[in-house]
Amino acid sequence: MYIVAGVNLSEVLTAENFAVFIRVVFLASAGFPLFFFIATFAGKATRKKLTPQANMLLRKGIFYTGSICIIIAILYQLGFKMTALLGAAGIAGIAIGFASQTSVSNIISGIFLISEQPFQVGDLIKVGDTSGVVLSIDLLSIKLRTFDNQLVRIPNESLIKNQVNNITRFPVRRLDIELGVAYRENVRHVKKVLSEIAQKNTYCLDEPEPLILFKNFGDSALEFLFAVWCVKADYLRLRQTIMQDIKERFDAEGIEIPFPHRTLYAGSVTEPFPVQLIGNKDENIKSEEEI
Amino acid sequence: MDIWASGMSLDLNKLYRTQIGPLILWLKRHFDEIHIAVEHCEDETFESETVAFSPEDETCKEPEDWKRWVVGENGNTISFLPIMPDRPVVVRPEVPVIIPEGHEALFFVSIPVWVKIVVNDKKELVLCEAPSVVLSNIWFGDTMSGELCYSLRTKARRQILDAEPKPHRAVCPVKIRNTTSSQLDIERFCVHVEYLNIYKGTTRLWTNEVCINFQGEDSANKIHYTKKPPEYETVEGIVGKARTVLKKTLLKKSLGTFKLLTGI
Chain Z
1 MYIVAGVNLS EVLTAENFAV FIRVVFLASA GFPLFFFIAT FAGKATRKKL TPQANMLLRK
61 GIFYTGSICI IIAILYQLGF KMTALLGAAG IAGIAIGFAS QTSVSNIISG IFLISEQPFQ
121 VGDLIKVGDT SGVVLSIDLL SIKLRTFDNQ LVRIPNESLI KNQVNNITRF PVRRLDIELG
181 VAYRENVRHV KKVLSEIAQK NTYCLDEPEP LILFKNFGDS ALEFLFAVWC VKADYLRLRQ
241 TIMQDIKERF DAEGIEIPFP HRTLYAGSVT EPFPVQLIGN KDENIKSEEE I
Chain C
1 MDIWASGMSL DLNKLYRTQI GPLILWLKRH FDEIHIAVEH CEDETFESET VAFSPEDETC
61 KEPEDWKRWV VGENGNTISF LPIMPDRPVV VRPEVPVIIP EGHEALFFVS IPVWVKIVVN
121 DKKELVLCEA PSVVLSNIWF GDTMSGELCY SLRTKARRQI LDAEPKPHRA VCPVKIRNTT
181 SSQLDIERFC VHVEYLNIYK GTTRLWTNEV CINFQGEDSA NKIHYTKKPP EYETVEGIVG
241 KARTVLKKTL LKKSLGTFKL LTGI
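Chains as they are written, first to last, in the numbering used here: chain Z, 1 to 291; chain C, 1 to 264.
Next up, the structure:
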């Protein structure tokens, strides 16, 4: 009889317990890698058939479900009664629930996000001031990659509560350009030039047709809205090229894009603006002689 | 017309300039490589020609944007093959056409082809493709769904044989049948050219005939691509195969009779 730390080793190290130990080790060492392999294989097999988000859900679903099954099997092998465990889990759940309200809220929000699908993995979204590409939609949060390659983690709860702009949901986008031309310009001629600019730009779509709208008589200029359409992948290229095209073509046509300015009138357009010198009389005479 | 499918041998130390309509191809052979550069000009009335230059020729202005293909020492003969564009083409008549109820109309649409450059070795080796005319892009559908197509303005001729043939354009007969009880106002229609073969006729290139049955604004139109060559001219055979083999009749919306709303 061997006793170590008050434990009778002869009673513990029996053949039956050894067999249980072997089964548990086998389940853990073979089960988790097996389900990881199955999840990875399923992900690769369905990569082309499913969207990136559905693919990620499938992989994680297989792995987590398999892991839970293995844990239950291990607990069963160790002799734990599942009914008692579930009862204890219920009581513990209430306690944990109160302590982790935010996490549970994020999980519930995540489920709503997945079912509602306002965006998917790969979409470009804007949340508040943050814009980025969705890398993953997880249980508690989503991960974005910003344009300057930062990783941003946004809790699911804040996504449900706040406005989310999905910039790349639809296949085409419109680029709105507000511009102003001098009051002396011919409006029809400006519209014709803008139309030709849109026609010549490679990234600008013929349809939906570009919108050229004379919006307003502004303080310093005639205000136009020039809106052109492109496929979403060409948005940046269109923005870069069409701004340059507008400037070059306006310069070539002599169309002025005015600065904001104020014109002072001295009561009449043709009269010179009166200037009065204020100060010492002698200094005034001297300055008049210099003039 | 002789430019298509006829082999051309590339000699070392010579620069070749081939023009097919407005497309200009520069080619030269350097050891086991073929170098190709592509340019476009505005002149669509130009037919086709190939000119060879020697390196010392000062009249020749070489382009700057070359690409190189390693084809092996046996790759010294190339051919130009016509192929339809890689995306559907939205045809917009210059003057809107109206087809009354129960009537049909046949239009001849002249579509600019792409030029496929192949090396005539043991196996046909495709080097690259270039459009003879660079068409602008157009979205066919609404702003939430649709497909990206090329845009083509056309006279939508009813008679084609009187028109001047151009080597870089293939004539596509399109028959539109209005099976509804109201007029059909055609502002644009979409032709899936990737399903069309190109046939060499006596005067010009042809494609299969396309038949569109208009069944109403809210219904999908039945589109049928004939498998046999057109019968409007004697054809020698297929000179350019379709990009995609059509397996079944398409049920798609191909006619757009409404303008897209572009509210502010």
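Every residue, glycine too, gets a C-beta built ideally from N, C-alpha and C.
Any C-beta of chain C under 7 Å from that of residue i
i	result
Z/E196	no
Z/L205	yes
Z/V231	yes
Z/Q276	no
Z/E253	no
Under 9 Å from the C-beta of residue i: neighbouring residues of chain C
i	result
Z/P171	W139, G141, T143, M144, S145, G146, E147 and L148
Contact check, residue i vs residue j, beta carbons under 7 Å
i	j	result
Z/L225	Z/K215	yes
Z/V164	Z/P118	yes
C/E101	C/N213	no
C/I117	C/L127	yes
C/A156	C/P96	no
Z/D123	Z/N166	yes
Z/V121	Z/V134	yes
Z/L75	Z/L175	no
C/V239	C/I198	yes
Z/G31	Z/I71	no
C/P165	C/T203	yes
Z/V181	Z/P210	no
C/Q19	C/E39	no
C/S132	C/V115	yes
Z/L144	Z/G128	no
Z/I197	Z/R249	yes
C/L152	C/I99	no
Z/S115	Z/E157	no
Z/F170	C/M144	yes
C/P82	C/W26	no
C/V119	C/G75	yes
C/R243	C/C149	no
Z/A45	Z/R59	no
C/I160	C/V174	no
Z/K232	Z/R173	yes
C/P22	C/E44	yes
C/A37	C/D2	no
Closer than 7 Å to chain Z by CB, residue i
i	result
C/S136	yes
C/F258	Note that C/F258 scores 38 on pLDDT, short of 50, meaning its location in the model is unreliable; the coordinates nonetheless yield the value given after this. C/F258 does not count as touching chain Z.
Contacts that residue i makes with chain Z (C-beta to C-beta distance below 7 Å)
i	result
C/S151	D206
Residue i in three-state terms, based on DSSP
i	result
C/P165	coil
Z/T65	helix
C/N74	coil
Z/D138	coil
Z/S115	helix
C/G237	strand
Z/V193	helix
Z/L144	strand
Z/L78	coil
Z/A54	helix
Z/E207	coil
C/N208	coil
C/A105	strand
Z/D251	helix
Z/D234	helix
Z/P258	coil
Z/E16	helix
In chain order, which beta strand (DSSP E) runs of at least 3 residues are fully inside the segment 15-47 of chain C? When DSSP assignments are scanned along the segment 15-47 of chain C, the uninterrupted stretches of beta strand (DSSP E) that are 3 or more residues long and fall wholly within it turn out to be 15-20, 23-30 and 33-40.
Could you give the uninterrupted runs of the beta strand (DSSP E) lying entirely in the segment 128-204 of chain C, keeping only those of 3 residues or more? Counting only runs of 3 or more residues that sit fully inside the segment 128-204 of chain C, the beta strand (DSSP E) segments are 136-142, 145-154, 169-178, 184-186, 188-191 and 198-201, in chain order.
Threshold first: 3 residues or longer. Then list the beta strand (DSSP E) segments lying entirely within the segment 149-197 of chain Z, N to C. 151-155, 164-166 and 172-181
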